[in-house]
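Data first, discussion second: the structure below is written as structure tokens.
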Amino acid sequence: MVEKGTLRVKTGLAEMLKGGVIMDVTTPEQAKIAEEAGAVAVMALERVPADIRAAGGVARMADPSVIEAIMEAVTIPVMAKVRIGHFVEAQILEALGVDYIDESEVLTPADEKHHIDKWQFNVPFVCGAINLGEALRRIGEGAAMIRTKGEAGTGNVVEAVRHMRTINEEIRRLTVTPKEELMSVAKEMGAPYDLVCWVAENGRLPVVNFSAGGIATPADAALMMQLGADGVFVGSGIFKSEDPAARARAIVLATTHFNDAKILAEVSRGLGKAMAGKEISEIGRENLIQFRGW
Amino acid sequence: MKKPTIGVIALQGAVREHLQMIERCGARGIPVKYPPELHLCQGLIIPGGESTTIGKLMTTYGFPEEIRSLVEAGMPVFGTCAGLIMMAKRLVEGDQPILGLMDITVRRNAFGRQVDSFEADLLVREITDEEKPFRAVFIRAPWIEWVDPRVRVLAEFDGRAVMAVQGRLLVSAFHPELTGDDRIHRFFLRMVEEKVAG
Numbered sequence: 001m002v003e004k005g006t007l008r009v010k011t012g013l014a015e016m017l018k019g020g021v022i023m024d025v026t027t028p029e030q031a032k033i034a035e036e037a038g039a040v041a042v043m044a045l046e047r048v049p050a051d052i053r054a055a056g057g058v059a060r061m062a063d064p065s066v067i068e069a070i071m072e073a074v075t076i077p078v079m080a081k082v083r084i085g086h087f088v089e090a091q092i093l094e095a096l097g098v099d100y101i102d103e104s105e106v107l108t109p110a111d112e113k114h115h116i117d118k119w120q121f122n123v124p125f126v127c128g129a130i131n132l133g134e135a136l137r138r139i140g141e142g143a144a145m146i147r148t149k150g151e152a153g154t155g156n157v158v159e160a161v162r163h164m165r166t167i168n169e170e171i172r173r174l175t176v177t178p179k180e181e182l183m184s185v186a187k188e189m190g191a192p193y194d195l196v197c198w199v200a201e202n203g204r205l206p207v208v209n210f211s212a213g214g215i216a217t218p219a220d221a222a223l224m225m226q227l228g229a230d231g232v233f234v235g236s237g238i239f240k241s242e243d244p245a246a247r248a249r250a251i252v253l254a255t256t257h258f259n260d261a262k263i264l265a266e267v268s269r270g271l272g273k274a275m276a277g278k279e280i281s282e283i284g285r286e287n288l289i290q291f292r293g294w
Numbered sequence: 295m296k297k298p299t300i301g302v303i304a305l306q307g308a309v310r311e312h313l314q315m316i317e318r319c320g321a322r323g324i325p326v327k328y329p330p331e332l333h334l335c336q337g338l339i340i341p342g343g344e345s346t347t348i349g350k351l352m353t354t355y356g357f358p359e360e361i362r363s364l365v366e367a368g369m370p371v372f373g374t375c376a377g378l379i380m381m382a383k384r385l386v387e388g389d390q391p392i393l394g395l396m397d398i399t400v401r402r403n404a405f406g407r408q409v410d411s412f413e414a415d416l417l418v419r420e421i422t423d424e425e426k427p428f429r430a431v432f433i434r435a436p437w438i439e440w441v442d443p444r445v446r447v448l449a450e451f452d453g454r455a456v457m458a459v460q461g462r463l464l465v466s467a468f469h470p471e472l473t474g475d476d477r478i479h480r481f482f483l484r485m486v487e488e489k490v491a492g
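In structure tokens:
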């Protein structure tokens, strides 16, 4: 029997992206630069998160013609973002044939209470999380890949570090929690009990976990990999920098050789200016996008 | 007999799954990040991942020459999906760097995009029988468009070659490392053991 859209096929593509860099692009030309640099996939957007932040207003799914032009330009997988809870935007992206949908806090949420029922789709979803409970809720809804949220469009890695450390610490704690306490942990976390038990037994998330939100340098990428990320998303960090092609390639090499300080030193040299970056306290808690979704 | 050591190219992609499968079959699996580590191995696996990425990373750090000379000396190599693409001598489209080991022509993303990715029961000659087919997972999978007479096609799907062997080189368009079924990895390990036994 031939089956499409099975969980194994959805999580499988994420497994194939491991150890790689997924880059935000807004034009076919940028997509080609990303592919040439060795990106494992691109995220097709109308604006990178730094520009979304600057522009304000409501940020929505990109125009299908932008996404299609990018799909035409490259042979690597193309992802695209929908607003949290906006299942019609997701239906449209599935019809376009994108390879992965990011139900993303970077866009303005369409539903304050409910995320998309991702089991209804053949196309796989990646979702953001700032802690284990949020990650397991999204997996419970059918997400086939998780990314820690960080704080998109800031060029500041501190939130990405916080979220990765939080999730890993919560996982470690679960592995030494007695079985009879797992139900109450599940209740406190607001996470499905069976997934809590799975994590307690296996010591990892049941799907691939990438790092996102604030990665701007090869050292940032390697930092997230050493902290246990399966791969990295780089949003504004590449095309808001002085020399995107060189920086993109350096971040790819740093993600592969994240444990090799000599290679990291070599690839970090002479990349020109990184994106400017923002101090988190200047943004103000009410403007942080990591708290969108629940 | 001493456990053979199987290297898994660990530049990008589904490395862990292959290592687990190798250990399960009773061999020793090591991730290979640098060409000198190839010399610790009696067999090599090139995993699934993004072939354009793996190809560029391999070229940057001098893998192709090293692997080609080891293959000439008879080292068994198994490539899955992106690994199959890397091992082909020719691609239907594109000019990405490949290793060019096997006399086959391959079409990338031949079965379509991710929404067309699928799993299916597959008959693999020399490995499975009618009663117990192989559950094959195809993800943005390539197919083998043309094979030289020296290549044996082991499996087909929809009339397209998706698994083949030439001497000690084995390729599959699907991902046996994503299933619990270790028959294909055991088949490869027998190729390695035969080579070790000389």
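Order-wise, the sequence lines are chains A and B. Residue 205 in my numbering sits at position 205 of the first sequence; the count goes up by one each step and never skips. Residue 460 in my numbering sits at position 166 of the second sequence; the count goes up by one each step and never skips. Yeah, the Cβ is synthetic: ideal placement off N, Cα and C, and Gly gets one too. Bear in mind that the values here come from a model prediction, so they are computed numbers and not experimental data.
Own chain partners of Ile-171 (chain A) with C-beta closer than 8 Å, once the 5 adjacent residues on each side are dropped = Along the first sequence, one-based indexing puts residue 171 (chain A) at 171. For Ile-171 (chain A), where only same-chain residues beyond five positions count, the Cβ hits under 8 Å are Leu-132, Val-199, Gly-203, Arg-204, Leu-205.
Partner residues on chain A for Phe-412 (chain B), Cβ-Cβ distance less than 9 Å = On the second sequence, position 118 is the one that residue 412 (chain B) refers to. In chain order: Val-2, Glu-3, Lys-4, Gly-5, Thr-6, Val-9.
Pairwise C-alpha distance: Ala-254 (chain A) and Glu-360 (chain B) | If you number the second sequence from 1, residue 360 (chain B) lands on position 66. If you number the first sequence from 1, residue 254 (chain A) lands on position 254. Straight-line Cα distance between these residues: approximately 23 Å.
Bridge-paired residues (DSSP) for Pro-325 (chain B) = Position 31 of the second sequence, counting from 1, holds the residue named residue 325 (chain B). The partner list for Pro-325 (chain B) (beta bridge, DSSP) reads B:Val-302.
Host alpha helix (DSSP H) of Lys-383 (chain B) (start-end) = Your numbering for residue 383 (chain B) matches position 89 in the second sequence. Premise fails: Lys-383 (chain B) lies in the beta strand (DSSP E), 382-385, not in any alpha helix (DSSP H).
Could one say the Cβ of Arg-454 (chain B) lies closer than 8 Å to chain A's Cβ atoms, at least one of them?
-> Mapped onto the second sequence, residue 454 (chain B) falls at position 160. No, its Cβ sits nowhere closer than 8 Å to a Cβ of chain A.
Can you pull the chain A residues whose beta carbon is under 8 Å from the beta carbon of Leu-472 (chain B), in chain order?
-> In the second sequence, residue 472 (chain B) corresponds to position 178, counting from 1. Those within 8 Å of Leu-472 (chain B) in chain A are Arg-8, Gly-12, Glu-15.
Is it right to say Gln-226 (chain A) is buried, meaning 16 or more other beta carbons lie within 10 angstroms of its own, or is it exposed?
-> Sequence index remark: in the first sequence, residue 226 (chain A) carries index 226 (1-based). Counting Cβ neighbours within 10 Å, Gln-226 (chain A) comes out exposed, since fewer than 16 surround it.
Within 10 angstroms of its Cβ, does Gly-294 (chain B) collect 16 or more other Cβ (buried), or is it exposed?
-> This structure does not reach residue 294 (chain B), given that chain B is present from 295 up to 492, and the question cannot be answered.
Which full runs of the beta strand (DSSP E) of 3+ residues lie inside the region 232-271 of chain A, going along the chain?
-> 232-234
Any C-beta of chain B sitting closer than 8 Å to the C-beta of Asp-117 (chain A)?
-> For the purposes of this step, residue 117 (chain A) is identified with residue 117 of the first sequence, where counting begins at 1. For Asp-117 (chain A), the answer is no, since every Cβ of chain B falls outside 8 Å of its Cβ.
Does the region 262-270 of chain A come within contact of the region 47-66 of chain A, defined as at least 3 CB pairs closer than 8 Å?
-> no
Can you have a look at Gly-178 (chain A) and say buried or exposed, based on whether 16 or more other CB atoms are within 10 angstroms of its CB?
-> In the first sequence, residue 178 (chain A) corresponds to position 178, counting from 1. According to the sequence provided, residue 178 (chain A) is Pro. The question's Gly does not apply to it. Its Cβ having fewer than 16 others within 10 Å, Pro-178 (chain A) is exposed.
Whole-angstrom distance between Glu-282 (chain A) and Met-79 (chain A), CA atom to CA atom | Locating residue 79 (chain A) in the first sequence gives position 79, where the first residue counts as 1. Locating residue 282 (chain A) in the first sequence gives position 282, where the first residue counts as 1. Using only the alpha carbons, I get a separation of about 31 Å.
Are the Cβ atoms of Ala-299 (chain A) and Ala-248 (chain A) separated by less than 8 Å?
-> Missing from the structure shown is residue 299 (chain A); chain A here goes from 1 to 294 and no further.
Since Met-315 (chain B) sits in a beta bridge, which residues does DSSP pair it with?
-> For the purposes of this step, residue 315 (chain B) is taken as residue 21 along the second sequence, with counting starting at 1. Paired residue(s): none; Met-315 (chain B) is not in a bridge.
Where does Asp-63 (chain A) land, buried or exposed, given buried means 16+ other C-beta within 10 angstroms?
-> For this step, residue 63 (chain A) is matched to residue 63 along the first sequence. Exposed, because fewer than 16 other Cβ atoms sit within 10 Å of the Cβ of Asp-63 (chain A).
Outcome for Gln-408 (chain B) when other beta-carbon atoms lying within 10 angstroms are tallied against a minimum of 16 | Here residue 408 (chain B) refers to the residue found at position 114 of the second sequence. By the neighbour-count rule (16 or more Cβ atoms within 10 Å), Gln-408 (chain B) is buried.
May I have the straight-line CA-CA distance separating Leu-385 (chain B) from Gln-306 (chain B), to the nearest angstrom?
-> For this step, residue 385 (chain B) is matched to residue 91 along the second sequence. For this step, residue 306 (chain B) is matched to residue 12 along the second sequence. When rounded, the distance between both Cα atoms is 21 Å.
Separation of Met-485 (chain B) from Ala-246 (chain A), as counted between CA atoms = As a first step, residue 246 (chain A) must be located in the first sequence, where it is residue number 246. As a first step, residue 485 (chain B) must be located in the second sequence, where it is residue number 191. Ala-246 (chain A) and Met-485 (chain B): Cα-Cα distance of roughly 42 Å.
Given that a residue counts as buried once 16 or more other Cβ atoms are within 10 Å of its Cβ, and exposed if not, what is Leu-334 (chain B)?
-> Counted from its first residue, the second sequence places residue 334 (chain B) at position 40. Counting Cβ neighbours within 10 Å, Leu-334 (chain B) comes out exposed, since fewer than 16 surround it.
Limits of the unbroken beta strand (DSSP E) element including Phe-210 (chain A) | Along the first sequence, one-based indexing puts residue 210 (chain A) at 210. Counting along the chain, the beta strand (DSSP E) containing Phe-210 (chain A) begins and ends at 208-211.
Distance, Ala-274 (chain A) Cα to Ala-449 (chain B) Cα = The count along the second sequence starts at 1 and reaches residue 449 (chain B) at position 155. The count along the first sequence starts at 1 and reaches residue 274 (chain A) at position 274. So the two alpha carbons sit approximately 49 Å from each other.
At a cut of 8 Å, does the region 133-141 of chain A reach the region 322-331 of chain B through at least three beta carbon pairs?
-> no
For Ala-37 (chain A), does the three-state DSSP call read helix, strand or coil?
-> As a position in the first sequence, residue 37 (chain A) is number 37, starting the count at 1. Of the three classes helix, strand and coil, the one that applies to Ala-37 (chain A) here is helix, per DSSP.
The alpha helix (DSSP H) enclosing Lys-118 (chain A), as first and last residue numbers = On the first sequence, position 118 is the one that residue 118 (chain A) refers to. Taken as a continuous stretch (DSSP letters only), Lys-118 (chain A) belongs to no alpha helix (DSSP H), as it is neither H nor E.
Name, please, each residue of chain B whose Cβ falls closer than 9 Å to the Cβ of Lys-18 (chain A).
-> Here residue 18 (chain A) refers to the residue found at position 18 when the first sequence is read from its first residue. What Lys-18 (chain A) touches in chain B: Gln-306, Gly-307, Ala-308, Val-309, Arg-310, Gly-343.
Below 8 Å between beta carbons: does that hold for Glu-105 (chain A) and Lys-149 (chain A)?
-> The residue labelled residue 105 (chain A) in the question sits at position 105 within the first sequence. The residue labelled residue 149 (chain A) in the question sits at position 149 within the first sequence. Yes; because the gap between Cβ atoms is below 8 Å, this pair is in contact.
Selected residue, minimal CA-CA separation from Val-66 (chain A), among A:Leu-96, A:Ala-37, A:Phe-87, A:Thr-75 = For the purposes of this step, residue 66 (chain A) is taken as residue 66 along the first sequence, with counting starting at 1. Measuring from the Cα of Val-66 (chain A), the nearest candidate turns out to be A:Leu-96.
So, does the CB of Asp-220 (chain A) fall closer than 8 Å to a CB anywhere in chain B?
-> The residue you call residue 220 (chain A) lines up with position 220 of the first sequence. Not closer than 8 Å to any Cβ of chain B, the Cβ of Asp-220 (chain A) fails to qualify, so no.
Proximity test, Cβ basis, 8 Å: Thr-347 (chain B) and chain A | Position 53 of the second sequence, counted from the first residue, corresponds to residue 347 (chain B). For Thr-347 (chain B), the answer is yes, since a Cβ of chain A falls inside 8 Å of its Cβ.
Using Cβ-Cβ distances below 8 Å, what residues of the region 350-372 of chain B are close to chain A?
-> Lys-350, Leu-351, Thr-354
Could you tell me if Lys-81 (chain A) is buried or exposed, where buried requires 16 or more neighbouring beta carbons within 10 angstroms of its beta carbon?
-> Position 81 of the first sequence, counting from 1, holds the residue named residue 81 (chain A). Buried, because 16 or more other Cβ atoms sit within 10 Å of the Cβ of Lys-81 (chain A).
Element boundaries [beta strand (DSSP E), containing Trp-440 (chain B)] | Working through the second sequence from its first residue, we reach residue 440 (chain B) at position 146. Per DSSP, Trp-440 (chain B) belongs to the beta strand (DSSP E) from 437-441.
In chain order, what residues of the same chain have a beta carbon less than 8 Å from the beta carbon of Met-396 (chain B), not counting five sequence neighbours either side?
-> By one-based count along the second sequence, residue 396 (chain B) stands at place 102. Cβ within range, chain order: Met-381, Ala-382, Lys-383, Val-445, Ala-458, Gln-460, Leu-463, Val-465.
How about Val-123 (chain A) and Val-98 (chain A): do their beta carbons lie closer than 8 Å?
-> On the first sequence, position 123 is the one that residue 123 (chain A) refers to. On the first sequence, position 98 is the one that residue 98 (chain A) refers to. Contact: yes.
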